[in-house]
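Undergrad: So the mapping is simple: my numbering equals the position in the sequence shown, first residue as 1, plus 123.
Where is the CB? At the ideal position from N, CA and C, for every residue including glycine.
Fair warning: this is a prediction, and the values are worked out from it, not measured in the lab.
Take a look at the following structure, please.
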Amino acid sequence: MSHFKTLDDLGDVTGKVALLRVDLNLPMKDGSATDVTRVEAAKPTILELCDKGAKVLLLAHFGRPRGQRHSTMSTSFVQGDVEEVLGKEIMFIPEVMGPVVEQAVGILRDGDIGLLDNVRFWPGEEANDPDFARGIAAIGDFYVNDAFSAAHRAHATTEGLAHLLPAYAGRAMEAELKALDAALGNPEQPVAAVVGGAKVSTKLDVLQNLVGRVQHLIIGGGMANTFLAARGVDVGQSLCEHDLAGTARTIMDEADHAGCTVHLPYDVVVAQQFAANPPSLRTCNVHEVASNEMILDIGPQAVEALGDVLKTCRTLVWNGPLGAFETEPFDAATVALAKTAAALTQDGSLTSVAGGGDTVAALAHAGVKDDFTFVSTAGGAFLEWMEGKELPGVAALNS
Ligand code: ADP
Ligand code: MG
């Protein structure tokens, strides 16, 4: 477990200026946010700092302005959404350092919130320029990072600031790091990993990292087709990366040596066309896929067997749906195994951690998002963590 300071380690911060990195990169439509999950996630940290009497300056990026001011990418566009979630007025400050910010800080009362402009308007942010970071650090007394989703980037406000000021993990960051540690850092064994999704090529590093760390590697989705093909199964028209057969075999060998059981489906759901409830829909053994069919989900027998595997495990980490879950009935396996995992979690026998853009959507579709121990919405940072990489934003918080 990494050692980082949390808000519990803050002394008296009355009147002190907190530089708080949050994720406000909200999906927008017609000038307002379509999803405020990220603000909800940062809310406890923001309000706790306010309650402690700090003047809270929010630092965030918004879109990809590439080091230039962009009228459409100012953080002022999310000010209203942030105010609504917090139930509190905030002051927009159209800079990140210098006299304008100093003046604003002079106006803010203890417990007030200022929203600085898009940190990526300045090239020093993504370049992690020490002068840029020092300029921001000059206005604050301490730094809090609550943006795990940006922790895989070594940018000035995600990494640089942590070296210049006393640095703390915010509550959302703290919860994320604890959950990830419980899932892969220091998990209760046996551990199962579900890796699904479309392509092996996007998750090679994930697979390679997991084979050395988990007892059961469950492979589903389009990725399973590549593994099946590598074992000599004819997968017909399925999404399959035939050129990665060698890589898939290497991963299976590595798993063998590490004592990790690789689970591939033995029955699958196939169709001749990719559409909702197609007439050609059928379930068959993996060895019975016709040359004009494609595998779009793993089969019910496989799901039942995988449920039995989960019952023997104490920890589950899950990235990637088991089938083309956006189209019925190819969501069946994902929904069924997600429900089993959720029930085991609620019974207290399983710690379950999941992440990935489509995975979060699939768990929400299954209605079990809140029944897992932790569901990460961090996207890229979550995947890099599954790859076993050290995240610069997290490493910088470690003291
Ligand atoms: P995540 O975003 O959770 O990391 P991915 O992006 O890797 O997940 O994969 C999700 C996609 O994989 C979904 O769009 C899903 O439709 C697709 N997929 C899963 N199984 C199959 C399959 N058998 N054939 C084609 N696509 C599949
Ligand atoms: Mg995806």
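Please write down, chain order preserved, every residue whose beta carbon lies under 5 Å from a heavy atom of the ligand MG.
TA: In chain order, the residues with a C-beta atom nearer than 5 Å to some heavy atom of the ligand MG are G480 and D481.
Undergrad: Between K139 and the rest of its own chain, which residues show a CB-CB distance below 6 Å, the 5 nearest in sequence each way excluded?
TA: Sequence index remark: in the sequence shown, residue 139 carries index 16 (1-based). If we look at K139 and ignore the five residues flanking it on each side, its Cβ neighbours are A177 and D264.
Undergrad: In chain order, which continuous runs of the alpha helix (DSSP H) of length 4 or greater are located wholly inside the stretch 188-264?
TA: 202-209, 222-230, 246-250 and 253-260
Undergrad: Taking 9 Å as the threshold (C-beta atoms), are A292 and T129 in contact?
TA: Locating residue 129 in the sequence shown gives position 6, where the first residue counts as 1. Locating residue 292 in the sequence shown gives position 169, where the first residue counts as 1. Yes.
Undergrad: Can you tell which of V136, A165 and F185 has its C-alpha closest to the C-alpha of M151?
TA: Against the sequence shown, residue 151 aligns to sequence position 28. The shortest C-alpha separation from M151 is found at F185.
Undergrad: May I ask you to check if the CB of S499 is nearer than 8 Å to at least one heavy atom of the ligand ADP?
TA: To locate residue 499, count along the sequence shown from 1; it is residue 376. S499: no, Cβ never under 8 Å from the ligand ADP.
Undergrad: Less than 9 Å separating the beta-carbons of S475 and E299?
TA: The residue you call residue 475 lines up with position 352 of the sequence shown. The residue you call residue 299 lines up with position 176 of the sequence shown. Going by C-beta atoms, S475 is not nearer than 9 Å to E299.
Undergrad: Where do the N-terminal and C-terminal ends of the alpha helix (DSSP H) with C173 fall, by residue?
TA: One-based indexing of the sequence shown puts residue 173 at position 50. Note, C173: alpha helix (DSSP H), T160 to D174.
Undergrad: Could you spell out the range, first to last residue, of the alpha helix (DSSP H) harbouring L467?
TA: As a first step, residue 467 is located in the sequence shown; it is residue number 344 there, counting from the start. That run of the alpha helix (DSSP H) goes A455 to D470.
Undergrad: Kindly list the residues whose CB is nearer than 6 Å to the CB of A447, restricted to its own chain and excluding five residues on each side of it in sequence; keep chain order.
TA: Position 324 of the sequence shown holds residue 447. Around A447: L419 and F453.
Undergrad: State yes or no: is the C-beta of F448 nearer than 8 Å to some heavy atom of the ligand ADP?
TA: Indexing the sequence shown from 1 puts residue 448 at position 325. Look at F448: its beta carbon is less than 8 Å from one of the heavy atoms in the ligand ADP.
Undergrad: With three or more C-beta pairs closer than 8 Å as the rule, is the stretch 299-319 touching the stretch 328-346?
TA: Three or more Cβ pairs drawn from the stretch 328-346 and the stretch 299-319 lie within less than 8 Å of each other, which places the two stretches in contact.
Undergrad: What residue from T482, G203 and T349 has the CA that sits closest to V440's CA?
TA: Indexing the sequence shown from 1 puts residue 440 at position 317. Of the candidates T482, G203 and T349, the one whose C-alpha sits nearest the C-alpha of V440 is T482.
Undergrad: Can you give me the C-alpha to C-alpha distance between D233 and V179, rounded to a whole angstrom?
TA: What you label residue 233 is simply residue 110 of the sequence shown in a count that begins at 1. What you label residue 179 is simply residue 56 of the sequence shown in a count that begins at 1. Rounded to whole angstroms, D233 to V179 spans 9 Å at the Cα level.
Undergrad: Can you tell which of L506, G516, D135 and A519 has the C-alpha that lies nearest to the C-alpha of T325?
TA: By 1-based counting over the sequence shown, the position of residue 325 is 202. Per the Cα distances, L506.
Undergrad: Using CA atoms only, rank isn't needed, just tell me which of N442, E416, P222 and I236 is closest to E171.
TA: Counting from 1 along the sequence shown, the entry for residue 171 is found at position 48. Nearest option by C-alpha distance: I236.
Undergrad: With distances taken between CB atoms, is the gap from G516 to F271 smaller than 9 Å?
TA: As a position in the sequence shown, residue 516 is number 393, starting the count at 1. As a position in the sequence shown, residue 271 is number 148, starting the count at 1. With contacts defined as CB atoms closer than 9 Å, G516 and F271 qualify as a contacting pair.
Undergrad: Could you give the DSSP three-state label for L149: helix, strand or coil?
TA: For the purposes of this step, residue 149 is taken as residue 26 along the sequence shown, with counting starting at 1. Note: L149 maps to coil in three-state DSSP.
Undergrad: So what's H126 in DSSP terms, helix, strand or just coil?
TA: Here the question's residue 126 lines up with position 3 in the sequence shown. H126: coil per DSSP, three-state reduction.
Undergrad: Measuring straight from C-alpha to C-alpha, what distance separates D254 and G479?
TA: To locate residue 254, count along the sequence shown from 1; it is residue 131. To locate residue 479, count along the sequence shown from 1; it is residue 356. About 35 Å.
Undergrad: Find the nearest neighbour of V391 within the set G359, A519, V491 and F215, judged by alpha-carbon distance.
TA: For the purposes of this step, residue 391 is identified with residue 268 of the sequence shown, where counting begins at 1. Among G359, A519, V491 and F215, the Cα nearest to that of V391 belongs to G359.
Undergrad: Applying the 10 Å Cβ sphere with the 16-neighbour rule, what's the burial state of K512?
TA: In the sequence shown, residue 512 corresponds to position 389, counting from 1. The residue in question, K512, is exposed, as its Cβ has fewer than 16 Cβ neighbours within 10 Å.
Undergrad: Taking just the CA atoms, how far does A165 sit from Q202?
TA: By 1-based counting over the sequence shown, the position of residue 202 is 79. By 1-based counting over the sequence shown, the position of residue 165 is 42. Each residue's Cα considered, the two are about 14 Å apart.
Undergrad: Round the Cβ separation of S361 and M417 to the nearest angstrom and send it over; I've been treating them as touching at under 8 Å.
TA: Looking up residue 361 in the sequence shown gives position 238. Looking up residue 417 in the sequence shown gives position 294. Yes, S361 and M417 are in contact; Cβ-Cβ is about 4 Å, under 8 Å.
Undergrad: Considering only the beta carbon of each residue, do V385 and L340 sit closer than 9 Å?
TA: Translated into positions along the sequence shown, residue 385 becomes position 262. Translated into positions along the sequence shown, residue 340 becomes position 217. It is a contact, given that the beta carbons lie within the stated cut-off.
Undergrad: L445 and V432: beta carbons closer than 9 Å?
TA: Counting from one through the sequence shown, the residue named residue 445 turns up at place 322. Counting from one through the sequence shown, the residue named residue 432 turns up at place 309. No, the pair does not count as a contact, with Cβ atoms beyond the cut-off.
Undergrad: What residues in its chain sit with their C-beta under 7 Å from that of A352, if we drop five residues either side in the sequence?
TA: Here residue 352 is taken as the residue at index 229 of the sequence shown, counted from 1. Counting only Cβ-Cβ distances below 7 Å, and skipping sequence neighbours, we find V358, C363, H365 and A368.
Undergrad: According to the neighbour-count rule (16 or more other Cβ atoms, all chains shown, within 10 Å of its Cβ), is S403 buried or exposed?
TA: Taking the sequence shown and counting its residues from 1, one reaches residue 403 at position 280. The residue in question, S403, is exposed, as its Cβ has fewer than 16 Cβ neighbours within 10 Å.
Undergrad: Could you compute how far the alpha carbon of V450 sits from the alpha carbon of H488?
TA: Reading the sequence shown from its first residue, position 327 is the one you call residue 450. Reading the sequence shown from its first residue, position 365 is the one you call residue 488. Before going further, note that residue 450 is Thr rather than Val in the sequence given. Taking the straight line from one Cα to the other gives about 11 Å.
Undergrad: Under the criterion of a Cβ to heavy atom distance below 8 Å, does I418 qualify as lining the ligand ADP?
TA: Sequence index remark: in the sequence shown, residue 418 carries index 295 (1-based). Result yes, Cβ under 8 Å from the ligand ADP.
Undergrad: Going by alpha carbons, who is nearest to M509 out of D132, A456, D304 and T496?
TA: For the purposes of this step, residue 509 is taken as the residue at position 386 of the sequence shown. Looking at the Cα atoms, D304 is the closest of the given residues.
Undergrad: Kindly indicate which three-state DSSP category F497 falls into: helix, strand or coil?
TA: Taking the first residue of the sequence shown as 1, we reach residue 497 at position 374. If DSSP states are grouped into helix, strand and coil, F497 belongs with the strands.
Undergrad: Tell me the DSSP secondary structure of G369 in three-state form.
TA: Within the sequence shown, residue 369 is the residue found at index 246, counting from 1. If DSSP states are grouped into helix, strand and coil, G369 belongs with the helices.
Undergrad: Express the C-alpha separation of A347 and E248 in angstroms, rounding to a whole number.
TA: Taking the sequence shown and counting its residues from 1, one reaches residue 248 at position 125. Taking the sequence shown and counting its residues from 1, one reaches residue 347 at position 224. When rounded, the separation of the alpha-carbon atoms in E248 and A347 is 40 Å.
Undergrad: Is T406 near the ligand SAH - that is, is its Cβ less than 8 Å away from at least one heavy atom of it?
TA: Ligands in the displayed structure: the ligand ADP and the ligand MG; the ligand SAH is not one of them.
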